[in-house]
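J.:
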Amino acid sequence: MRSRWSEPTVRRLKPLDALVYRSRLIGEESRLGLYGGGNTSLKCVEPDLFGRPQEVLWVKGSGSNLKGCEPRHFAPLRLADLRRLAIRRAMTDEAMVESLERCLLDPRVLRPSIETLLHAFVPLAAIDHTHADAILSLANTDRGQAMVRRVLGPDLLWIPYLQPGFALSRRVFNAYQRQPRAHGAVLEQHGLITWGPDGRTSYQRTIRYVSLAERFLEVQRRRRSWSPAGSTSLPPQERMARLRQWLPAIRRAISAQRKMCVSFTDSPDVLEFVNA
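Here the sequence shown stands for residues 3 to 278, where the numbers follow our numbering.
#1: Buried or exposed: Ala-77, going by 16 or more other Cβ atoms within 10 Å of its Cβ?
#2: Give the C-beta separation of Asp-44 and Leu-87 to the nearest angstrom, bearing in mind that I take them to be a contact with Cβ-Cβ under 8 Å.
#3: Figure out for me which residue from Ser-213, Thr-94, Gly-186 and Leu-102 has the closest Cα to the Cα of Pro-125.
#4: Only counting runs of 3 or more residues, tell me where the beta strand (DSSP E) segments fall wholly within the region 37-116, in order along the chain.
#5: Quick check on the DSSP output: the beta strand (DSSP E) that includes Gly-198 runs from which residue to which?
#6: Using only the alpha-carbon positions, how far apart do Arg-26 and Ile-252 sit?
#7: I'd like the list of long-range same chain contacts for Ala-20, defined as Cβ closer than 8 Å, with 5 residues on each side in sequence excluded.
#8: When the distance is taken between beta carbons, is Leu-102 closer than 9 Å to Leu-79?
#9: Find the nearest neighbour of Glu-72 within the set Pro-55, Thr-196, Val-111 and Ala-82, judged by alpha-carbon distance.
#10: Mark Leu-59 as exposed unless 16 or more other C-beta atoms lie within 10 angstroms of its C-beta, in which case mark it buried.
#11: Determine the burial state of Ser-301: buried for a count of at least 16 other Cβ atoms within 10 Å of its Cβ, exposed for fewer.
Below, the structure is given as structure tokens:
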């Protein structure tokens with residue numbers, strides 16, 4: 003993956019516009035997440051109502067995408083108030099959302115991302131969170147932590163899976179405090195976070211680590227982890243007949259505890275794998 007950062011362009015931009023620029027660069031890379039997903043943030047100092055300097059966190063609002071984002075898609079919040087929440091041991095989603103709304107500097111903007119506190123607690127100025135395909139290919143395995151360390155090195159924190167919200171934000175913050183020189187974190191079954199003292203650093207780290215993962219996966223693909231097919235598939239009509247026969251039992255077995263979605267495919271790549 004190639005960096006498309008232009009420092010001369012960024013130098014001409016105001017802080018919020020530079021955040022929009024960085025966010026669009028990320029959103030335009032489809033391999034960093036479907037439909038421009040993910041979120042970005044910037045910490046800066048701006049005057050308050052009385053002209054006094056205050057720390058502000060600009061973070062992407064919910065319901066917007068990075069690819070086509072504009073300044074109006076980012077929410078400004080009082081950073082000092084957000085950081086005070088880090089002393090809490092627990093917080094429900096409802097209480098967290100209410101707290102975020104109370105910290106807004108403009109009540110008319112989009113609701114801040116569910117991961118706003120993660121952006122607030124880590125004290126670096128610029129943070130990028132993506133759902134990069136290559137990173138997830140490493141992390142979403144039974145050896146995810148070992149694979150991430152092997153391929154991406156020691157400068158990324160490993161965060162076991164937690165649903166987005168206060169608990170995840172606090173866990174990332176605690177891990178950062180133990181390793182403050184880290185470049186970011188890999189969230190199990192979630193994605194990549196990179197941070198830095200400025201937008202260029204966080205963006206370049208995203209590109210760097212995703213590129214490392216992509217190169218590793220390409221080498222593994224060329225080596226082929228299974229032998230060519232040792233048997234042939236059933237004819238298409240017979241495959242579908244077997245599927246109709248077995249599907250009710252499969253559906254009952256996997257959805258007994260909770261509702262599940264099943265997707266069927268018999269593409270050539272899948273058949274080659276299962277017949278190997």
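Backbone N, C-alpha and C define an ideal beta-carbon position, used for all residues, glycine too.
All values derive from a computational prediction rather than experimental measurement.
T.: Based on what the coordinates show:
#1: Here residue 77 refers to the residue found at position 75 of the sequence shown. Counting Cβ neighbours within 10 Å, Ala-77 comes out buried, since at least 16 surround it.
#2: Position 42 of the sequence shown holds residue 44. Position 85 of the sequence shown holds residue 87. According to the sequence shown, residue 44 is Leu rather than Asp. Contact doesn't hold; Cβ gap of about 19 Å is too wide.
#3: Position 123 of the sequence shown, counting from 1, holds the residue named residue 125. The closest CA to that of Pro-125, considering only Ser-213, Thr-94, Gly-186 and Leu-102, is found on Gly-186.
#4: Within the region 37-116, complete beta strand (DSSP E) segments of at least 3 residues are found at 41-49, 55-62 and 76-80, given in chain order.
#5: Taking the first residue of the sequence shown as position 1, residue 198 is located at position 196. First-last of the beta strand (DSSP E) with Gly-198: 193-198.
#6: Here the question's residue 26 lines up with position 24 in the sequence shown. Here the question's residue 252 lines up with position 250 in the sequence shown. Spanning the two alpha carbons is a distance of roughly 42 Å.
#7: Taking the first residue of the sequence shown as position 1, residue 20 is located at position 18. Taking C-beta separations shorter than 8 Å and ignoring five residues to either side along the sequence, the partners of Ala-20 in its chain run Val-12, Leu-44 and Gly-201, following chain order.
#8: If you number the sequence shown from 1, residue 79 lands on position 77. If you number the sequence shown from 1, residue 102 lands on position 100. In this structure, the beta-carbon distance from Leu-79 to Leu-102 falls below 9 Å.
#9: Start at 1 with the first residue of the sequence shown, and residue 72 comes out as number 70. Ranking Pro-55, Thr-196, Val-111 and Ala-82 by Cα distance to Glu-72 puts Val-111 first.
#10: Start at 1 with the first residue of the sequence shown, and residue 59 comes out as number 57. Buried: at least 16 other Cβ atoms inside 10 Å.
#11: Outside the displayed span of the chain (3 to 278) sits residue 301, for which this structure offers no information.
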